[in-house]
Amino acid sequence: MKRKECIAMLLAGGQGSRLRVLTKNLAKPAVPFGGKYRIIDFSMSNCINSGIDTVGVLTQYKPQVLNAYIGVGSAWDLQCYSRDGGVTILPPYVNEDGGEWYLGTAHSIYQNLDFIEKYNPKYVLIISGDHVYKMNYSLMLKEHKEKKADVTISVIEVAWDEASRFGLMNTDEQGNIVEFEEKPEHPKSNLASMGVYIFNWSVLKAYLEKDVLNPESAHDFGKNVIPLMLQEKLKLHAYPFKGYWRDVGTVESYWEASMDMLDDRNFLNYFDDNWNIYSATVMQPPHYIAAEAEIKNSLISDGCWIDGEIKHSILFPGVLVGKDSIIKDSIIMAGAQIGQGVRIEKAIIGEKAVIGKNSVIGGEGITVIEDDLKLEDNSQVGLLINLKKVEKHPTEEIKELLG
Amino acid sequence: MKNVMGIIHHKKDEEAFRELTKHRCVAAIPFGGKYRLVDFPLSNMTNAGISNVGIITSLKLRSLIDHLGTGKEWGLDRKRDGLFILPAASEKNKRWLDLEDIYANQDYIANSKQEYVLLSGSNIVCNLDLRKVMAFHSEKKADLTIVYSEGYKFLPEDAASGVYLQKGAKGRVTDVSVGVPTENVVVSMDMYLLKKSLLLKLLNECSSLGKCDFISEVLPEKFKEMKIYGYAHEGYLGIINSWQSFYKHQMELLNPKVWQELFFAKGLIHTKLKDGPPARYSEEAHVQNVFATPGCLIEGRVENSILFRKVKIGSGAVVRNSILMPRVEIEEDVILDGVILDKSVRIKKGMKLISNKEDPVIIEKNRVIGGGL
Numbered sequence: 001m002k003r004k005e006c007i008a009m010l011l012a013g014g015q016g017s018r019l020r021v022l023t024k025n026l027a028k029p030a031v032p033f034g035g036k037y038r039i040i041d042f043s044m045s046n047c048i049n050s051g052i053d054t055v056g057v058l059t060q061y062k063p064q065v066l067n068a069y070i071g072v073g074s075a076w077d078l079q080c081y082s083r084d085g086g087v088t089i090l091p092p093y094v095n096e097d098g099g100e101w102y103l104g105t106a107h108s109i110y111q112n113l114d115f116i117e118k119y120n121p122k123y124v125l126i127i128s129g130d131h132v133y134k135m136n137y138s139l140m141l142k143e144h145k146e147k148k149a150d151v152t153i154s155v156i157e158v159a160w161d162e163a164s165r166f167g168l169m170n171t172d173e174q175g176n177i178v179e180f181e182e183k184p185e186h187p188k189s190n191l192a193s194m195g196v197y198i199f200n201w202s203v204l205k206a207y208l209e210k211d212v213l214n215p216e217s218a219h220d221f222g223k224n225v226i227p228l229m230l231q232e233k234l235k236l237h238a239y240p241f242k243g244y245w246r247d248v249g250t251v252e253s254y255w256e257a258s259m260d261m262l263d264d265r266n267f268l269n270y271f272d273d274n275w276n277i278y279s280a281t282v283m284q285p286p287h288y289i290a291a292e293a294e295i296k297n298s299l300i301s302d303g304c305w306i307d308g309e310i311k312h313s314i315l316f317p318g319v320l321v322g323k324d325s326i327i328k329d330s331i332i333m334a335g336a337q338i339g340q341g342v343r344i345e346k347a348i349i350g351e352k353a354v355i356g357k358n359s360v361i362g363g364e365g366i367t368v369i370e371d372d373l374k375l376e377d378n379s380q381v382g383l384l385i386n387l388k389k390v391e392k393h394p395t396e397e398i399k400e401l402l403g
Numbered sequence: 404m405k406n407v408m409g410i411i412h413h414k415k416d417e418e419a420f421r422e423l424t425k426h427r428c429v430a431a432i433p434f435g436g437k438y439r440l441v442d443f444p445l446s447n448m449t450n451a452g453i454s455n456v457g458i459i460t461s462l463k464l465r466s467l468i469d470h471l472g473t474g475k476e477w478g479l480d481r482k483r484d485g486l487f488i489l490p491a492a493s494e495k496n497k498r499w500l501d502l503e504d505i506y507a508n509q510d511y512i513a514n515s516k517q518e519y520v521l522l523s524g525s526n527i528v529c530n531l532d533l534r535k536v537m538a539f540h541s542e543k544k545a546d547l548t549i550v551y552s553e554g555y556k557f558l559p560e561d562a563a564s565g566v567y568l569q570k571g572a573k574g575r576v577t578d579v580s581v582g583v584p585t586e587n588v589v590v591s592m593d594m595y596l597l598k599k600s601l602l603l604k605l606l607n608e609c610s611s612l613g614k615c616d617f618i619s620e621v622l623p624e625k626f627k628e629m630k631i632y633g634y635a636h637e638g639y640l641g642i643i644n645s646w647q648s649f650y651k652h653q654m655e656l657l658n659p660k661v662w663q664e665l666f667f668a669k670g671l672i673h674t675k676l677k678d679g680p681p682a683r684y685s686e687e688a689h690v691q692n693v694f695a696t697p698g699c700l701i702e703g704r705v706e707n708s709i710l711f712r713k714v715k716i717g718s719g720a721v722v723r724n725s726i727l728m729p730r731v732e733i734e735e736d737v738i739l740d741g742v743i744l745d746k747s748v749r750i751k752k753g754m755k756l757i758s759n760k761e762d763p764v765i766i767e768k769n770r771v772i773g774g775g776l
């Protein structure tokens with residue numbers, strides 16, 4: 001095997017329980033995002049766009065959808081065959097001495113030492129599959145080499161009042177990390193770790209082997225490995241990332257990051273041909289906007305049929321929206337069918353959910369309707385405030401469409 | 404239908420498409436927002452389980468080859484059988500169905516394992532279950548089955564390029580005529596199902612007797628000796644013979660029933676998959692009766708139109724009754740009505756292009772209109 005300078009290990013085993021029913025059937029990296037992507041697309045696309053052609057994807061929690069989605073990796077030009085590298089899915093496994101689940105992020109990498117050794121890389125990039133961002137890892141690697149660091153951790157400035165949600169880095173003037181605090185109550189810094197690390201492979205390997213012997217350890221990079229490296233005076237460098245980055249770990253942050261896609265400031269610049277966000281596209285005809293429909297400030301995917309009013313919302317492929325329905329500030333997943341005269345506000349409607357006519361969904365906070373749920377006509381979910389009643393004119397056409 | 408191979412022959416009258424075929428063959432003409440014409444016969448074949456398809460093309464085949472690739476989207480990237488590009492014998496002969504082109508590729512046909520051949524034109528827009536045609540062919544013990552449409556009406560411009568069939572008793576076809584519709588004729592859909600051995604025999608005759616146009620020279624003589632049947636297609640049909648029918652049939656897609664039938668009813672029409680974000684509509688967008696596709700950025704007003712991938716429409720612009728192909732850019736305050744803009748055309752700020760809906764304007768690929776020299 002040809003030696004690789006840098007390979008990526010993508011942590012994709014998380015459950016993401018704070019995403020509520022969105023992760024009922026699939027792992028967090030497989031959660032659909034932005035009208036056609038899944039969250040993992042951002043990290044995968046960053047890899048190939050940064051020139052990293054070898055990616056190990058560590059899976060554990062409900063991996064079927066994710067595995068099927070990744071396939072052989074061709075959606076990101078990371079074909080696992082006929083190429084030196086590509087994507088490899090790495091689930092927990094058993095060997096002669098038995099086996100165990102991945103106990104933590106560091107442990108999952110430790111379990112795959114053989115995989116990394118096969119490529120004998122100089123550097124290992126550790127990333128996670130649950131962040132929305134566009135980042136050129138090669139610039140970070142360049143700085144890692146220039147600073148002659150053992151470890152480089154990518155950091156981003158966050159608002160002070162939110163800082164206590166993150167793992168925070170205190171740095172000196174040269175950008176060396178002097179202290180690491182995991183979700184502190186009283187933050188001393190607002191530089192949050194983005195969960196993007198570059199390690200010198202020899203250093204990482206030594207510390208993983210040390211960590212696994214410690215029975216007290218939770219085998220986690222943030223909690224155990226990084227603090228131990230700091231304690232032992234390794235050179236840890238903070239790489240400041242300037243750009244858009246969102247952790248979509250909760251329903252609220254997922255919804256907000258989705259709505260950011262509709263912001264005129266265009267944080268993600270997802271129309272940029274020079275940094276495509278690749279995804280496994282499914283075949284659907286173009287979407288159709290009927291004569292009485294109204295679409296404002298929205299993202300609409302292939303195969304949608306829209307006869308109602310869509311405002312500030314994101315529609316995934318194959319969504320049907322009946323006449324006189326109003327959808328506002330919402331995210332409608334693939335294949336959902338919205339009947340006539342439905343009012344949806346600030347909600348997330350799951351895949352293939354069917355919403356009966358004249359239903360009203362939404363309220364304070366974000367309402368989430370799970371996949372495949374069938375709501376009767378005139379259903380009410382959530383407490384809607386100040387919603388005007390809409391007049392209804394049923395038409396035969398859309399009735400047929402909705403079966 | 405593992406026992407049937409498909410051959411998509413090419414439409415040789417490219418002039419009827421004006422600027423649209425300047426850089427591409429008819430099979431590769433973009434259609435319906437994200438397709439090319441060849442997607443329809445090709446998807447009909449693969450949806451029915453045909454896994455060996457040869458496509459005859461003219462020399463303008465760059466965009467067609469780029470589009471088809473390895474045939475992956477149609478499940479034709481296979482070890483056994485698959486997709487084959489077959490060069491035409493000549494560019495010159497404007498025959499209805501040129502047997503010489505097929506004769507030039509007869510090794511491919513002879514070496515294929517299938518017993519039957521389905522021939523189809525590349526410009527037939529429909530969603531048809533070919534398994535039913537095969538069942539009909541077997542049931543009738545026919546030598547040749549021709550697919551036709553009963554009520555299809557050509558545009559006046561296209562009537563002369565139509566092939567018409569005379570129906571006899573019990574599904575038989577008794578005569579064929581070209582260009583001139585007479586009473587009680589039906590319209591041939593340029594799809595023929597026959598045994599491979601019979602096709603090879605016809606190809607031999609073509610080479611020895613010089614009768615190379617299947618429609619005008621071969622078929623009229625065969626009604627006595629062969630059992631020729633007609634299979635009626637009842638669904639939506641568009642025979643794209645000219646730039647006029649290219650425009651008219653795309654406008655028909657804006658009818659919900661047509662959309663539903665063509666793209667969802669019997670099987671999906673497949674096409675080359677491309678990455679791109681969902682279409683983005685701004686706060687000022689005003690869109691009615693429109694087909695749109697990924698990567699479109701819409702800030703203006705659009706009505707009764709088809710927008711291919713990555714079309715940009717600036718604020719204050721108005722687009723009506725138009726077909727905008729991939730990467731067309733419409734700047735602010737432009738007014739368009741009844742235009743066909745080929746790929747990557749750019750209309751500069753404030754321009755006005757208005758034409759009669761019956762006679763749309765075509766702007767050639769990569770042109771920039773307005774803004775001085």
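Heads up: the sequence lines are chains Y and E, in that order.
Per this note's numbering: the first sequence = residues 1 to 403.
Per this note's numbering: the second sequence = residues 404 to 776.
Virtual Cβ for every residue (Gly too), placed ideally from N, Cα, C.
How should residue i be labelled, buried or exposed, when 16 other C-beta atoms within 10 angstroms of its C-beta is the threshold for buried?
i         : result
Y:His-237 : buried
E:Lys-713 : buried
Y:Ala-30  : buried
Y:Trp-160 : exposed
Y:Lys-388 : Any reading at Y:Lys-388 is ruled out, since the residue's pLDDT is 38, under 50, leaving its predicted position unreliable.
Y:Tyr-239 : buried
E:Ala-572 : exposed
E:Leu-596 : buried
Y:Tyr-197 : buried
What separation, rounded to the nearest whole angstrom, lies between the Cα atoms of residue i and residue j?
i         : j         : result
Y:Val-342 : Y:Thr-367 : 15 Å
E:Val-520 : E:Val-456 : 10 Å
E:Lys-715 : E:Pro-697 : 11 Å
E:Leu-466 : E:Ala-492 : Correcting the residue type first, residue 466 of chain E is Ser in the shown sequence and not Leu. Their backbone Cα atoms lie some 20 Å apart in a straight line.
E:Lys-751 : E:Ile-738 : 10 Å
Y:Val-390 : Y:Glu-309 : Any answer about Y:Val-390 is weak, because its pLDDT of 37 lies below 50 and its placement is not dependable; what the coordinates show is given next. The alpha-carbon atoms of Y:Val-390 and Y:Glu-309 are separated by roughly 11 Å.
E:Tyr-454 : E:Gly-472 : Here the sequence assigns Ser to residue 454 of chain E, which means Tyr is not the residue at that position. If I take the Cα positions, the gap works out to 15 Å.
Y:Ile-398 : E:Glu-761 : Here Y:Ile-398 scores only 44 on pLDDT, less than 50, and its place in the model is too uncertain to base an answer on.
Y:Ala-163 : Y:Asn-190 : 6 Å
E:Glu-624 : E:Gln-569 : 14 Å
If you reduce the DSSP assignment to three classes, tell me which class residue i lands in.
i         : result
Y:Trp-404 : The structure shown does not extend to residue 404 of chain Y, since chain Y spans only 1 to 403, so no value can be given for it.
Y:Met-261 : coil
E:Asp-416 : coil
E:Phe-667 : helix
Y:Cys-47  : helix
Y:Gln-64  : helix
E:Arg-770 : coil
Y:Thr-171 : strand
Y:Leu-402 : Its pLDDT being 46, under 50, Y:Leu-402 is placed unreliably in this model, and the coordinates cannot settle the point.
E:Arg-439 : strand
Y:Lys-4   : coil
Y:Met-283 : coil
Y:Ala-238 : strand
Y:Ser-253 : helix
Residue i: which of the options sits nearest, CA to CA?
i         : options                                       : result
Y:Phe-115 : Y:Ala-8, Y:Lys-357 and Y:Val-65               : Y:Ala-8
E:Val-566 : E:Asp-546, E:Lys-535, E:Ser-515 and E:Asn-644 : E:Asn-644
Y:Lys-328 : Y:Pro-91, Y:Leu-320 and Y:Ile-314             : Y:Ile-314
E:Arg-807 : E:Thr-585, E:Val-579, E:Trp-499 and E:Ile-766 : Residue numbering for chain E in the displayed model covers 404 to 776; residue 807 of chain E lies beyond these limits and cannot be assessed.
E:Gly-436 : Y:His-219, Y:Ile-156 and Y:His-287            : Y:His-287
E:Gly-719 : E:Glu-687, E:Lys-599 and E:Glu-620            : E:Glu-687
Y:Cys-47  : Y:Asn-136, Y:Glu-117, Y:Pro-92 and Y:Ala-280  : Y:Asn-136
Y:Ile-177 : Y:Ser-154, Y:Glu-185, Y:Phe-166 and Y:Ser-164 : Y:Ser-154
Problem - Residues within the stretch 16-39 of chain Y neighbouring chain E, beta-carbon criterion of under 7 Å - result: Gly-35 and Lys-36
Practice task
Check distances from the C-beta atoms of the stretch 671-688 of chain E to those of chain Y and list, in chain order, the residues that come in under 9 Å.
Solution key: Leu-671, Ile-672, His-673, Thr-674, Leu-676, Lys-677, Asp-678, Gly-679, Pro-680, Pro-681, Ala-682, Arg-683, Tyr-684, Ser-685, Glu-686, Glu-687 and Ala-688
Practice task
Could you list the residues in the stretch 299-314 of chain Y with a C-beta less than 7 Å from some C-beta on chain E, going in chain order?
Solution key: Leu-299, Ile-300, Ser-301 and Asp-302
Exercise for the section: Could you run through the stretch 239-260 of chain Y and flag, in chain order, every residue whose CB is less than 9 Å away from some CB of chain E? Expected result: none
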